[in-house]
Each structure stands twice: as structure tokens, then as C-alpha cells.
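What follows is a short report on a single structure.
In my numbering, the protein residues as written are 6 to 79.
Below, the structure written as C-alpha cells:
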């Protein structure tokens, strides 16, 4: 949430900032996706799917791509 806020992104990954410097440095942590949306350059890994469900249900759950979640099955 902190990094998204510093780069002017809302919980859906849309840019709402006002600084050209934010856009210049956006590709350090985020990838520009379709629909003028930015997604984190991250892979989330855990042994239990419950943790990933908590991330998806959180305020920034829509920010992540579904294929960036990797979890074990019981």
C-alpha cells in the first residue's frame, strides 16, 4: 500500500498522481498492463491458499494479477 501510494496508484492499479517523476519511475515496481492499469512486479508464494485469499480480499487485492499467486494444495 505504501509503495502504491508513493507512486500515485489506487487500489485498482490506476494512476491518480500528479508528478511526471512518479510516472518515470513507475516501471521499477510496476508493469503497465492493459486498461491503463499498473500491476506489481511481484510473485506471491505461500504454502497455504488462505493467505493468498486474504491478500485478494484486502484493499489492494485487485492490484495483483491472478497468475502471480503461487500456493500449495492440501
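All C-beta atoms in this analysis are idealised placements derived from N, C-alpha and C, irrespective of residue type, glycine included.
The alpha helix (DSSP H) enclosing residue i, as first and last residue numbers
i: residue 48; result: Neither: residue 48 is in no alpha helix (DSSP H) and is coded neither H nor E.
i: residue 57; result: 54 to 62
i: residue 10; result: 7 to 11
i: residue 26; result: 25 to 29
Span of the beta strand (DSSP E), counted from its first residue to its last, around residue i
i: residue 75; result: 74 to 76
Residue(s) in a DSSP beta bridge with residue i
i: residue 38; result: 42
i: residue 14; result: 20
Residues near residue i by beta carbon distance below 7 Å, same chain, minus five either side
i: residue 45; result: 34, 35, 68, 69
i: residue 51; result: 57, 76
Residues near residue i in its chain [Cβ-Cβ closer than 6 Å; skip 5 each side]
i: residue 27; result: 12, 13
i: residue 74; result: 49, 57
i: residue 38; result: 44
Close-in-space but distant-in-sequence residues of the same chain around residue i (CB under 8 Å, 5 per side omitted)
i: residue 21; result: 13, 14, 15
i: residue 6; result: 64, 65
> At a cut of 8 Å, does the region 14 to 34 reach the region 48 to 60 through at least three beta carbon pairs?
Replying inline: no
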